[in-house]
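Enquirer:
Protein chains in written order, with this note's numbering: chain A, 1 to 277; chain B, 278 to 599.
1. Verify the CB distance criterion: does residue 543 of chain B have a CB-CB separation below 8 Å to chain C?
2. Note down, in chain order, each residue of its chain lying with its Cβ closer than 6 Å to the Cβ of residue 271 of chain A, except the 5 sequence neighbours on either side.
3. I think residue 201 of chain A touches residue 207 of chain A, with their Cβ atoms under 8 Å apart; what is that distance to the nearest whole Å?
4. Rounded to whole angstroms, what's the CA-CA distance from residue 293 of chain B to residue 575 of chain B? Just pull it up for me.
5. Give a yes or no on whether 8 Å exceeds the smallest Cβ distance from residue 302 of chain B to chain A.
6. Give a yes or no on whether 8 Å exceeds the smallest Cβ distance from residue 129 of chain A to chain B.
7. Let me confirm a value: residue 284 of chain B is counted as buried when at least 16 other C-beta atoms fall within 10 Å, else exposed. Which label applies?
8. For chain A, is any of its Cβ atoms less than 8 Å away from the one on residue 392 of chain B?
9. What does residue 12 of chain A touch in chain B if you count any residue whose Cβ is under 8 Å from its own?
10. Is the segment 551–570 of chain B touching the segment 299–311 of chain B, taking contact as three or more C-beta pairs under 8 Å?
11. Does DSSP put residue 104 of chain A in a helix, a strand or coil?
12. Please go through the same chain and pick out, in chain order, the residues whose beta-carbon is closer than 6 Å to the beta-carbon of residue 140 of chain A, but skip the five residues on each side of it.
13. So which residues on chain A does residue 587 of chain B lean against when the C-beta distance must stay under 8 Å?
14. Can you confirm whether residue 495 of chain B, when its beta carbon is compared against all beta carbons of chain A, has any partner nearer than 8 Å?
15. Please state whether DSSP places residue 468 of chain B in a helix, a strand or coil.
16. Below 9 Å between beta carbons is the criterion; list the residues of the segment 234–248 of chain A that meet it against any residue of chain B, in chain order.
17. Are there 16 or more other CB atoms within 10 angstroms of the CB of residue 17 of chain A, so buried, or fewer, so exposed?
18. Report the option in B:493, B:442 and B:505 whose CA atom is closest to the CA atom of residue 518 of chain B.
19. Report the option in A:78, A:27 and A:116 whose CA atom is closest to the CA atom of residue 580 of chain B.
20. Indicate whether at least one CB of chain A lies closer than 8 Å to the CB of residue 581 of chain B.
21. Using the Cα positions of residue 187 of chain A and residue 160 of chain A, report the straight-line distance between them to the nearest angstrom.
22. Using a threshold of 8 Å, state whether the C-beta atoms of residue 563 of chain B and residue 359 of chain B are closer than that.
23. According to DSSP, is residue 276 of chain A part of a helix, a strand, or is it coil?
24. Under 8 Å: do the segment 412–430 of chain B and the segment 504–515 of chain B share three or more Cβ pairs, one atom per stretch?
25. Where residue 444 of chain B and residue 546 of chain B are concerned, what is the direct C-alpha to C-alpha distance, given to the nearest angstrom?
26. Going along the chain, which residues of its own chain have a beta-carbon closer than 7 Å to the beta-carbon of residue 295 of chain B, five neighbours each way excluded?
27. Mind checking whether residue 379 of chain B and residue 434 of chain B have CB atoms under 8 Å apart?
28. Mark residue 259 of chain A as exposed unless 16 or more other C-beta atoms lie within 10 angstroms of its C-beta, in which case mark it buried.
29. For residue 88 of chain A, which residues of its own chain have a beta-carbon under 8 Å away from its beta-carbon, when the five flanking residues on both sides are left out?
30. Give a yes or no on whether 8 Å exceeds the smallest Cβ distance from residue 418 of chain B to chain A.
31. For residue 162 of chain A, does the count of other Cβ atoms within 10 angstroms reach 16, so buried, or fall short, so exposed?
32. Going along chain B, which residues have a C-beta under 7 Å from residue 118 of chain A?
33. Could you check whether the Cβ of residue 516 of chain B sits closer than 8 Å to any Cβ belonging to chain A?
34. Going along the chain, which residues of its own chain have a beta-carbon closer than 7 Å to the beta-carbon of residue 461 of chain B, five neighbours each way excluded?
35. Should residue 307 of chain B be flagged as near chain A, meaning a C-beta pair shorter than 8 Å?
36. Is there a Cβ of chain A sitting closer than 8 Å to that of residue 540 of chain B, yes or no?
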């Protein structure tokens, strides 16, 4: 039903296709990329041409190969961080929504408090002091972005648990765990997808900003870090400064449009977006 | 009203303490110590390093260090920077005006532009204008801030040479009075636009949504029915009521604003707090880092508090929600 409506949503479908394409490009980056992204060569700062179609950087590395490998890192961070954040948010929001009463009040106070914390600076601080391996960065991004998901899941559970089919299941003696996993969660899944896709886009931006500030993992090719070094010789070469950013923009745009598409398919009449979400 | 404000203030206090505890714990349990890092390049023996550590109190147990920090904090003393020796508080205060100038101009651009775009879109729903505004706001939302900055520098500073690409003032000549003001403004245009882009998108989107809702309400129909000019209906009646919907998110925006400022200042070498943070991170200047993060955390909490209270003043219903 939702899928049928989603299929008619042009931007959403386009975004899904783009995501699948980007995903396969990233997955096969080592074979698709024309060069080794780290291979230094003598042809430095070459403008886009036939052999380097996005040019080379100051060390003669091929920009297109760097972007393809950077894409890989960006997508892995996006998916992993969104998964962590969704899992944490679903657990907190689900328990709060299902339990209600004082448990709900305590958990929501905690969530509200967490929302106020400037998460990017917290990640920055941890990356600066504990080192910024890609795992640390991803886990931190995931662990600081769950409150929105928790709120959405809680609202979903609160409205779902009064429905007849949940009451029927409860009357049949279904356990709380069964209610949550088999009845509430599947019905809340589309709404969770909407937030998760937004989180994925946000995670890409956060990782890129962190790398741009020089706090990314130095052992992986990151789009943010290519841009950071491109800043130094921008007077001489525009291509390493433009294309990686364009790639970032496309990834984030795709995640956002996909999220919009699912959202519109979910609430066909509601065209107004929730404030501040 | 006062009771509501007081309660919100009380709720903020534990959060402010939490910011200090978390920042302190992260910094002081981090692997590697600042003394080794600072003096590794110099010819300093292990014993001398031990003396420095003792002097800085880094060998005391964590809770003693924490208590000492708290006591000094109560006296308004944020400690001294390890790297350049100056008091942390004055380093922050020195950099604050540049960041405020940048952020406020960015926000001003964004709110003027965003509200105008949002109103234009809402007035002609479904038109090309509406479509374009939506496209701009989605783009602004997904654009990495620093990349927008880079592209602006490329186009307007390097290719067209309309604006300078970095810094806040021209260093080569000493300008005074109006000439200096003009110089700063010229330096401000690109970074402020970069910083404002995200907020422009956000305000356009929020204003549009909020205006559409307001415009469908009865009092607008009445205003039109009694023959008010369309301009008065839109700007005086609809917009004023729509702006209420934007107030609550302003608090959250201060957090995002500080992030955008850090990144923007890095692109444009703008001498503000963001640069200070960036350098403190690179040089592992722990007291400075500690000061900056406590400052940032408190600003965000304070901004949320103010936004909540303003919300309660303009919309009395909020006070009774919890």
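Where is the CB? At the ideal position from N, CA and C, for every residue including glycine.
Expert: The structure says:
1. The structure shown contains no chain C; the protein chains it does contain are A and B.
2. Low local confidence applies: a pLDDT of 46 at residue 271 of chain A is under 50, so the model's placement there is unreliable, with the coordinate-based value given in what follows. No residues qualify anywhere along the chain.
3. No, residue 201 of chain A and residue 207 of chain A are not in contact; Cβ-Cβ is about 11 Å, not under 8 Å.
4. 6 Å
5. no
6. yes
7. exposed
8. no
9. What residue 12 of chain A touches in chain B: nothing, since even the nearest Cβ is about 13 Å away.
10. yes
11. helix
12. 123 and 126
13. Those within 8 Å of residue 587 of chain B in chain A number zero; the least Cβ separation is about 15 Å.
14. no
15. helix
16. 234, 235, 238, 241, 242, 244, 245, 246 and 248
17. exposed
18. B:493
19. A:116
20. yes
21. 8 Å
22. yes
23. With a pLDDT of 34 at residue 276 of chain A, under the threshold of 50, the modelled position of that residue is not reliable, and the figure given next carries that caveat. Residue 276 of chain A falls in the coil class under three-state DSSP.
24. no
25. 5 Å
26. none
27. no
28. buried
29. 142, 143, 146, 149 and 150
30. yes
31. exposed
32. 532, 535, 573, 574 and 577
33. no
34. 445 and 446
35. yes
36. yes
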